[in-house]
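Structure first, commentary second.
Numbering (the working numbering), first residue to last: 20 to 404.
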């Protein structure tokens, strides 16, 4: 089949890694796949070279920008419509809010037979202003009218979209975000890496993998840190990721008198992430908005238990009391208690790590995700003929 995936930016992030893995996997199955992106900007790193090296044809639409701009947005829609008409794709599959809205409308105007959209995280959410929330909800309702099938990375996404009156229940299917779990299954603690980061052999490491940006929840970890340090003096907090909030967070760690316990690793290439995860003792995920956090199955594949805010699809990976501990979003005391409990109970962390590894092997491989998408495209195509 002739397939086009569309995403706004190819930065280092969960939705982008999912999209690149999908394009690579579908090409291996014999599909003709293009990837359309906007221009690359920002400190979060890029997956462009990885996708190109894997042979994925990349088409850059300069007008496809993340920031709202009526002139750019109209231009992006027109450019995408022209591309879809020229290429005559069987399937257009969109990702992210901006590319999802513009891409689906352009695909409808170009009479693309099958239009699919993956919900990596809701475009509308309670932490934005009411007007913005209403606009994004309305945009999703409009784009929903152009959508053949929604792919949710977690059941929670389907529930939120249906509650917002977007499409019908039979238009949704859950396909968990797959990843190369073999690298995590085989990763082992790397004392040389820990040493290069200033982490000693006797330190207990609490890791967090996320862009240094709003809604990622780092501030809650800084607030909880003094209490965790008091209970576990040999704890280190390893922050993997970069972003525009780095200076702010370094100042915050100093203000909380825990700067010596925090390690800012900065931007880490995706291929190096397994080494970092394997060098952690547990991972925390504190985002206030995220469909299904890839960091959670990555940690579990490495046999590391997780602590997560109970937001969106986190509970579908962090099974409370089985693979980790769930905490009410924003509950700093609950976060501190959960982290201290796991750091002080080796038997519990080992048991959760083993159960988490089994869960991930069953549900979160790249091969499983790509196979499910391939089957979905074929089913939708068969239904039209």
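Built from N, CA and C at the ideal position, the CB exists for glycine as well. Fair warning: this is a prediction, and the values are worked out from it, not measured in the lab.
Extent of the continuous alpha helix (DSSP H) to which residue i belongs
i	result
residue 223	First-last for residue 223: 223–228, but that is the beta strand (DSSP E), not the alpha helix (DSSP H).
residue 292	292–297
residue 305	Careful: residue 305 lies outside any alpha helix (DSSP H) and carries neither H nor E.
residue 22	Run containing residue 22: none in the alpha helix (DSSP H); it sits in the beta strand (DSSP E), 21–25.
residue 98	89–106
residue 318	314–320
residue 156	149–163
residue 276	Note, residue 276: premise wrong, no alpha helix (DSSP H); not H, not E.
residue 243	237–250
residue 174	174–182
Environment of residue i [buried if 16+ CB atoms lie within 10 Å]
i	result
residue 35	buried
residue 71	exposed
residue 48	exposed
residue 110	buried
residue 21	exposed
residue 39	buried
residue 161	exposed
residue 74	exposed
residue 32	buried
residue 365	exposed
residue 90	exposed
residue 64	buried
residue 149	exposed
residue 129	buried
residue 279	exposed
residue 404	exposed
residue 369	exposed
residue 88	exposed
Proximity of residue i and residue j at Cβ, strictly below 7 Å
i	j	result
residue 330	residue 348	yes
residue 245	residue 275	yes
residue 96	residue 121	yes
residue 321	residue 282	no
residue 247	residue 86	no
residue 309	residue 140	yes
residue 103	residue 131	yes
residue 209	residue 298	yes
residue 118	residue 27	yes
residue 156	residue 183	yes
residue 233	residue 262	no
residue 170	residue 192	yes
residue 194	residue 388	yes
residue 54	residue 42	yes
residue 175	residue 332	yes
N- and C-terminal bounds of the beta strand (DSSP E) containing residue i
i	result
residue 191	191–193
residue 112	110–114
residue 325	325–328
Residues bridged to residue i (per DSSP)
i	result
residue 168	135
residue 80	Answer by DSSP bridge pairing: none, since residue 80 is not bridged.
residue 266	In DSSP, residue 266 forms no bridge with anything.
residue 337	Its beta-bridge partners do not exist; DSSP assigns none.
residue 53	23
residue 204	Per DSSP, none; premise fails for residue 204.
residue 346	328
residue 256	225, 281
residue 196	The partner list for residue 196 (beta bridge, DSSP) is empty, contrary to what the question assumes.
residue 65	30
residue 215	In DSSP, residue 215 forms no bridge with anything.
residue 384	198
Proximity test, residue i beta-carbon vs the ligand ATP heavy atom, cut-off 6 Å
i	result
residue 397	Ligands are entirely absent from the displayed structure, and the ligand ATP is therefore not among its contents.
Segment contact, 8 Å Cβ cut-off, at least three pairs: the region 307–327 with the region 278–289:
no
So, does the region 302–309 touch the region 212–220, judging by three or more C-beta pairs under 8 Å?
no
Specify whether the region 154–173 and the region 199–207 touch according to this definition: at least 3 beta carbon pairs, one from each stretch, less than 8 Å apart.
no
Counting pairs of beta carbons, one from the region 336–348 and one from the region 221–231, are three or more of them closer than 8 Å?
no
At a cut of 8 Å, does the region 248–263 reach the region 345–363 through at least three beta carbon pairs?
yes
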